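A.B. asks:
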Amino acid sequence: MVAMQVHPLLLGRTAGLPAAARQRYDEATVAMARRELDAAGAALADVLAMAPDFVEAQRLQGLVAHIRGDHAGAVAILRRALVTAPDNALLHMNLGMSLYSAGEFATAFSSLRRACELAPDFPPAWFSLGRAFQQQGRTAGAITALHRAVDLAPEDPVMRSLLAEAQASLGAVAAACTNYREALRHEPDHAEAWLGLARLQVEPFSKDDLARLQQAMQRPGTSPQARVMLGFALVRCLEDQGDYHAAFRVLRKANGQKRKLVNWNAAVVSARIARIRAAFARPPGEVEDPQLGEQVVFLMGLPRSGGGLLRRVLAGHAQVDANERPQHLRAVIEEESGRRQREFPQWTIEATPADWARLGRDYLARAVRAQDGKRCFIDQSDQDWHLMGAAMAMLPGARLVDCRRDPLENCLSCYRQLFAVHHEFSYDLDELASFWRDCDGLCAHWQQLYRGRVFVHQHESLLADPPLQLHRLLNFLGLDEDQACLDVRANRRQGAAGNTARLREPLRWQEPRAPRYGGKLDRLRVLLGLA
Numbered sequence: 001m002v003a004m005q006v007h008p009l010l011l012g013r014t015a016g017l018p019a020a021a022r023q024r025y026d027e028a029t030v031a032m033a034r035r036e037l038d039a040a041g042a043a044l045a046d047v048l049a050m051a052p053d054f055v056e057a058q059r060l061q062g063l064v065a066h067i068r069g070d071h072a073g074a075v076a077i078l079r080r081a082l083v084t085a086p087d088n089a090l091l092h093m094n095l096g097m098s099l100y101s102a103g104e105f106a107t108a109f110s111s112l113r114r115a116c117e118l119a120p121d122f123p124p125a126w127f128s129l130g131r132a133f134q135q136q137g138r139t140a141g142a143i144t145a146l147h148r149a150v151d152l153a154p155e156d157p158v159m160r161s162l163l164a165e166a167q168a169s170l171g172a173v174a175a176a177c178t179n180y181r182e183a184l185r186h187e188p189d190h191a192e193a194w195l196g197l198a199r200l201q202v203e204p205f206s207k208d209d210l211a212r213l214q215q216a217m218q219r220p221g222t223s224p225q226a227r228v229m230l231g232f233a234l235v236r237c238l239e240d241q242g243d244y245h246a247a248f249r250v251l252r253k254a255n256g257q258k259r260k261l262v263n264w265n266a267a268v269v270s271a272r273i274a275r276i277r278a279a280f281a282r283p284p285g286e287v288e289d290p291q292l293g294e295q296v297v298f299l300m301g302l303p304r305s306g307g308g309l310l311r312r313v314l315a316g317h318a319q320v321d322a323n324e325r326p327q328h329l330r331a332v333i334e335e336e337s338g339r340r341q342r343e344f345p346q347w348t349i350e351a352t353p354a355d356w357a358r359l360g361r362d363y364l365a366r367a368v369r370a371q372d373g374k375r376c377f378i379d380q381s382d383q384d385w386h387l388m389g390a391a392m393a394m395l396p397g398a399r400l401v402d403c404r405r406d407p408l409e410n411c412l413s414c415y416r417q418l419f420a421v422h423h424e425f426s427y428d429l430d431e432l433a434s435f436w437r438d439c440d441g442l443c444a445h446w447q448q449l450y451r452g453r454v455f456v457h458q459h460e461s462l463l464a465d466p467p468l469q470l471h472r473l474l475n476f477l478g479l480d481e482d483q484a485c486l487d488v489r490a491n492r493r494q495g496a497a498g499n500t501a502r503l504r505e506p507l508r509w510q511e512p513r514a515p516r517y518g519g520k521l522d523r524l525r526v527l528l529g530l531a
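381 is the number that full-length UniProt numbering gives to position 381 of the sequence shown; each next residue is one higher, with no gaps.
Listed below in structure tokens is the structure:
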């Protein structure tokens with residue numbers, strides 16, 4: 001780890017504190033470093049009993065609450081401290097972080113910007129602002145703030161890696177690659193940088209990279225999560241060397257390590273999918289407004305099934321809004337479940353046409369933006385395919401695009417991917433196949449139930465003959481032909497960035513990856529019913 005210079009803002013914070021209070025303060029900081037939050041809280045309470053106006057102890061109390069997940073409590077503590085020290089940059093920075101975690105985004109950005117104004121040469125303030133921008137998908141703002149952080153702390157691999165991630169999401173892959181490499185120069189076993197490089201797919205990993213990665217994997221003291229990230233990066237490195245036998249061995253081990261860190265029960269999920277299918281066994285009856293939601297196009301499917309690429313294709317159409325939206329559909333259904341005090345899909349049996357129309361209008365009130373001015377908008381989520389029965393009942397005019405990919409390629413792509421969040425099913429081949437079968441069966445059911453409103457989009461068909469597949473899709477959506485859709489490199493202004501390597505390429509056929517693994521995937525073939 002790179003030894004960082006201590007910023008003056010962090011010095012002299014205990015000046016004038018009584019010796020007994022300073023000792024308890026030091027004990028509190030040690031306890032926090034060890035994540036011993038009860039001990040830290042007790043020590044800080046003792047400090048404040050001896051020195052009630054000691055702002056730094058109040059700040060650490062807020063930080064303890066934040067780490068515990070009590071973000072509202074942290075906000076209250078930090079705001080009280082700011083009454084005493086309104087120009088304390090550390091307080092504003094921590095308050096901004098807690099406000100953001102509490103969902104108060106506008107106020108959070110105000111606090112984070114204020115911290116940067118008060119301490120313009122303090123790298124963590126700019127880093128915190130940049131990270132908040134990045135989490136909001138405001139990538140340009142993230143890059144600006146993170147550039148400032150890296151300029152002030154050029155040897156910090158964490159700041160440089162987040163800057164690289166933001167650059168990659170905008171397609172600036174050369175700059176991203178440079179920053180990842182620079183992070184590794186300062187910290188050779190920095191897992192986030194190795195994994196970021198692997199995802200960029202800018203250039204093949206070298207034999208020297210392979211040796212360095214293997215060395216990083218063997219270092220003692222590496223955290224379980226870092227070891228997982230290094231493992232997934234090593235898979236890509238071994239693939240680049242053509243050693244698929246070793247790559248699969250490492251892939252299986254990395255997935256196994258990740259599986260221990262997540263909570264997933266395939267049987268519980270399958271049972272829930274069966275209940276959803278039973279709840280939507282028949283087509284909906286009467287509807288209040290058959291055109292309600294006619295501007296909505298849902299994209300559904302498993303992750304890595306081509307939905308992200310299709311979104312970027314549609315982003316090029318003059319009459320399509322493909323910008324990302326929050327998960328409004330899930331929010332509406334969860335709130336209705338809370339109102340009825342019954343889990344989804346139990347309450348759907350009792351839902352009337354008026355209920356579905358009310359929920360549809362609620363969704364549209366959240367999702368439709370007056371400034372869009374487009375004929376339709378895309379709502380894509382690789383987690384909400386099980387909610388499409390409800391979505392079609394809520395919005396009788398909406399259309400659904402079922403994104404499909406070769407099952408073996410789709411599952412292998414999930415298995416090779418270390419997801420940032422969610423998709424816990426993907427780290428075990430048996431559970432992955434079970435989830436694919438659940439998704440396949442329920443999506444086929446939606447096709448039958450809502451016949452005429454569902455378009456089955458095959459990922460391989462788009463790559464094999466882009467104009468023909470685009471023509472079919474636009475015809476289904478009732479949209480005019482627009483050849484701008486086929487320039488996915490120009491269309492990254494809308495939608496998720498997805499695979500940054502694909503952003504630089506035209507739509508073209510890609511050779512399947514599964515054959516390179518040969519018999520290593522035989523069990524998966526059997527589980528998918530392909531053997």
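Backbone N, C-alpha and C define an ideal beta-carbon position, used for all residues, glycine too.
Just so we're clear, the structure is a prediction, and the values are computed from it rather than from any experiment.
Identify which residue in Leu418, Arg227 and Trp436 has its Cα closest to the Cα of Asp406.
C.D. replies: On the sequence shown, position 406 is the one that residue 406 refers to. Out of Leu418, Arg227 and Trp436, Trp436 has the C-alpha closest to the C-alpha of Asp406.
A.B. asks: When the distance is taken between beta carbons, is Ala233 closer than 9 Å to Trp264?
C.D. replies: Mapped onto the sequence shown, residue 264 falls at position 264. Mapped onto the sequence shown, residue 233 falls at position 233. Against a cut-off of 9 Å, the Cβ pair of Ala233 and Trp264 comes out as no contact.
A.B. asks: Can you tell me whether DSSP reads Val297 as helix, strand or coil?
C.D. replies: Taking the sequence shown and counting its residues from 1, the one referred to as residue 297 is at position 297. Here Val297 sits in strand by DSSP.
A.B. asks: Hey, how far is the Cα of Gly495 from the Cα of Val368?
C.D. replies: Within the sequence shown, numbered from 1, the residue matching residue 495 stands at position 495. Within the sequence shown, numbered from 1, the residue matching residue 368 stands at position 368. Model confidence at Gly495 stands at a pLDDT of 43, short of 50, so the residue's coordinates are unreliable; what they give is reported in the following sentence. Cα to Cα, the separation comes out at about 16 Å.
A.B. asks: Between the beta-carbon of Leu442 and the beta-carbon of Ile273, is there less than 9 Å?
C.D. replies: Along the sequence shown, one-based indexing puts residue 442 at 442. Along the sequence shown, one-based indexing puts residue 273 at 273. Yes. Within cutoff.
A.B. asks: Starting from Asp53, follow its DSSP beta bridges and name the residues at the other end.
C.D. replies: Reading the sequence shown from its first residue, position 53 is the one you call residue 53. Bridge partners of Asp53: none, in fact.
A.B. asks: What do you get for Ala140, buried or exposed, if any count of 16 or more other CB atoms within 10 angstroms of its CB means buried?
C.D. replies: Along the sequence shown, read from residue 1 onward, the residue named residue 140 stands at position 140. Looking at its Cβ environment, which holds fewer than 16 other Cβ atoms inside 10 Å, Ala140 is exposed.
A.B. asks: Could you tell me the distance, in whole angstroms, from the CA atom of Pro188 to the CA atom of Gln215?
C.D. replies: Within the sequence shown, numbered from 1, the residue matching residue 188 stands at position 188. Within the sequence shown, numbered from 1, the residue matching residue 215 stands at position 215. Whole-angstrom Cα-Cα distance: 9 Å.
A.B. asks: To the nearest angstrom, how far is it from the Cα of Glu350 to the Cα of Arg340?
C.D. replies: Position 350 of the sequence shown, counting from 1, holds the residue named residue 350. Position 340 of the sequence shown, counting from 1, holds the residue named residue 340. Rounded to the nearest angstrom, the two C-alpha atoms are 11 Å apart.
A.B. asks: Give the DSSP bridge partners of His147, in chain order.
C.D. replies: Within the sequence shown, the letter at position 147 stands for residue 147. DSSP output for His147 lists no bridge partner at all.
A.B. asks: With distances taken Cα to Cα, identify the nearest neighbour of Ala65 among Ser101, Ser337, Asn88 and Glu336.
C.D. replies: Position 65 of the sequence shown, counted from the first residue, corresponds to residue 65. Taking only the C-alpha atoms, the option nearest Ala65 is Ser101.
A.B. asks: Going by DSSP, what residue range makes up the beta strand (DSSP E) through Cys376?
C.D. replies: Translated into positions along the sequence shown, residue 376 becomes position 376. That run of the beta strand (DSSP E) goes Cys376 to Gln380.
A.B. asks: Could you give the C-beta distance for Leu418 and Met159, rounded to a whole number, given that I count them as a contact under 8 Å?
C.D. replies: Here residue 418 refers to the residue found at position 418 when the sequence shown is read from its first residue. Here residue 159 refers to the residue found at position 159 when the sequence shown is read from its first residue. Between Met159 and Leu418 the Cβ distance is about 21 Å, and since that is not below 8 Å, they are no contact.
A.B. asks: At the level of alpha carbons, what is the spacing between Pro154 and His147?
C.D. replies: The count along the sequence shown starts at 1 and reaches residue 154 at position 154. The count along the sequence shown starts at 1 and reaches residue 147 at position 147. Rounded to the nearest angstrom, the two C-alpha atoms are 10 Å apart.
A.B. asks: Let me know if Trp356 comes out buried or exposed under the rule of 16 or more other beta-carbons within 10 Å of its beta-carbon.
C.D. replies: Here residue 356 refers to the residue found at position 356 of the sequence shown. Per the 10 Å Cβ criterion, buried.
A.B. asks: Which one or two residues does DSSP pair with His457 in a beta bridge?
C.D. replies: Looking up residue 457 in the sequence shown gives position 457. Paired residue(s): Cys403.
A.B. asks: Alpha carbon to alpha carbon, how far is Ala33 from Glu56?
C.D. replies: Taking the sequence shown and counting its residues from 1, the one referred to as residue 33 is at position 33. Taking the sequence shown and counting its residues from 1, the one referred to as residue 56 is at position 56. For Ala33 and Glu56, the distance between alpha carbons rounds to 16 Å.
A.B. asks: Does DSSP classify Ala142 as helix, strand or coil?
C.D. replies: Against the sequence shown, residue 142 aligns to sequence position 142. Ala142: helix per DSSP, three-state reduction.
A.B. asks: If I'm right that Val296 touches Cys403 with Cβ under 8 Å, what's the distance once you round it to whole angstroms?
C.D. replies: Working through the sequence shown from its first residue, we reach residue 296 at position 296. Working through the sequence shown from its first residue, we reach residue 403 at position 403. Actually they do not touch by this definition, with Cβ atoms about 16 Å apart.
A.B. asks: Residue range of the alpha helix (DSSP H) that Pro224 falls in?
C.D. replies: As a working note, residue 224 is residue 224 in the sequence shown. From DSSP, the alpha helix (DSSP H) with Pro224 extends over Pro224 to Asp240.
A.B. asks: What is the DSSP secondary structure of Asp26, counted as helix, strand or coil?
C.D. replies: The residue labelled residue 26 in the question sits at position 26 within the sequence shown. When secondary structure is reduced to three states using DSSP, Asp26 falls in the helix class.
A.B. asks: Distance, Cα to Cα, Ala444 vs Phe455?
C.D. replies: Walking along the sequence shown from the start, residue 444 turns up at place 444. Walking along the sequence shown from the start, residue 455 turns up at place 455. Approximately 11 Å, taken between the alpha carbons.
A.B. asks: Given a cut-off of 9 Å on the beta-carbon distance, is the pair Arg453 and Ala398 in contact?
C.D. replies: Reading the sequence shown from its first residue, position 453 is the one you call residue 453. Reading the sequence shown from its first residue, position 398 is the one you call residue 398. Contact flag set, yes.
A.B. asks: Which runs of the alpha helix (DSSP H), 4 residues or longer, sit entirely within the segment 36-87?
C.D. replies: 37-50, 55-68 and 71-84
A.B. asks: If you follow the alpha helix (DSSP H) that Asn94 is in, where does it begin and where does it stop?
C.D. replies: Taking the sequence shown and counting its residues from 1, the one referred to as residue 94 is at position 94. Under the DSSP assignment, Asn94 falls in the alpha helix (DSSP H) whose first and last residues are Ala89 to Ser101.
A.B. asks: When the Cα atoms are used, what is the spatial distance from Gly73 to Leu112?
C.D. replies: Taking the first residue of the sequence shown as 1, we reach residue 73 at position 73. Taking the first residue of the sequence shown as 1, we reach residue 112 at position 112. Their backbone Cα atoms lie some 18 Å apart in a straight line.
A.B. asks: For the alpha helix (DSSP H) holding Lys253, just list the boundary residues, first then last.
C.D. replies: Numbered from 1 along the sequence shown, position 253 holds the residue referred to as residue 253. Unbroken alpha helix (DSSP H) run through Lys253: Tyr244 to Arg259.
A.B. asks: Exposed or buried, which one is Trp126 when buried takes at least 16 other CB atoms within 10 Å?
C.D. replies: Within the sequence shown, residue 126 is the residue found at index 126, counting from 1. The residue is buried, with at least 16 neighbouring Cβ atoms inside 10 Å.
A.B. asks: Using a Cβ-Cβ cutoff of less than 7 Å, which residues in the same chain neighbour Asp87 once the five nearest sequence positions on both sides are dropped?
C.D. replies: Counting from one through the sequence shown, the residue named residue 87 turns up at place 87. These residues qualify, in order along the chain: Leu118.
A.B. asks: With distances taken from CA atoms, which of Asp480, Phe344, Asn179 and Arg24 is nearest Val150?
C.D. replies: Walking along the sequence shown from the start, residue 150 turns up at place 150. Of the listed residues, the one whose Cα sits closest to Val150 is Asn179.
A.B. asks: Please name the residue, chosen from Leu309, His423 and Leu314, that lies closest to Ala266 on a Cα-to-Cα basis.
C.D. replies: Position 266 of the sequence shown, counted from the first residue, corresponds to residue 266. If we check each option's Cα against that of Ala266, His423 comes out closest.
A.B. asks: Would you check if the distance between the CB atom of Ala198 and the CB atom of Val235 is smaller than 9 Å?
C.D. replies: On the sequence shown, residue 198 is found 198 positions in, with the first residue counted as 1. On the sequence shown, residue 235 is found 235 positions in, with the first residue counted as 1. It is a contact, given that the beta carbons lie within the stated cut-off.
A.B. asks: Just to confirm the assignment, what range does the alpha helix (DSSP H) spanning Gly397 have?
C.D. replies: Numbered from its first residue, the sequence shown carries residue 397 at position 397. Neither: Gly397 is in no alpha helix (DSSP H) and is coded neither H nor E.
A.B. asks: Could you tell me which residues DSSP pairs with Asp440 in its beta bridges?
C.D. replies: Counted from its first residue, the sequence shown places residue 440 at position 440. Beta-bridge pairing links Asp440 to no other residue.
A.B. asks: Measure the C-alpha to C-alpha separation of Ala132 and Ala108 and round it to an integer number of angstroms.
C.D. replies: Walking along the sequence shown from the start, residue 132 turns up at place 132. Walking along the sequence shown from the start, residue 108 turns up at place 108. Near 9 Å, if we compare the C-alpha coordinates of Ala108 and Ala132.
A.B. asks: Have a look at the DSSP bridge pairing and note the partners of Val320.
C.D. replies: Working through the sequence shown from its first residue, we reach residue 320 at position 320. The partner list for Val320 (beta bridge, DSSP) reads Cys376.
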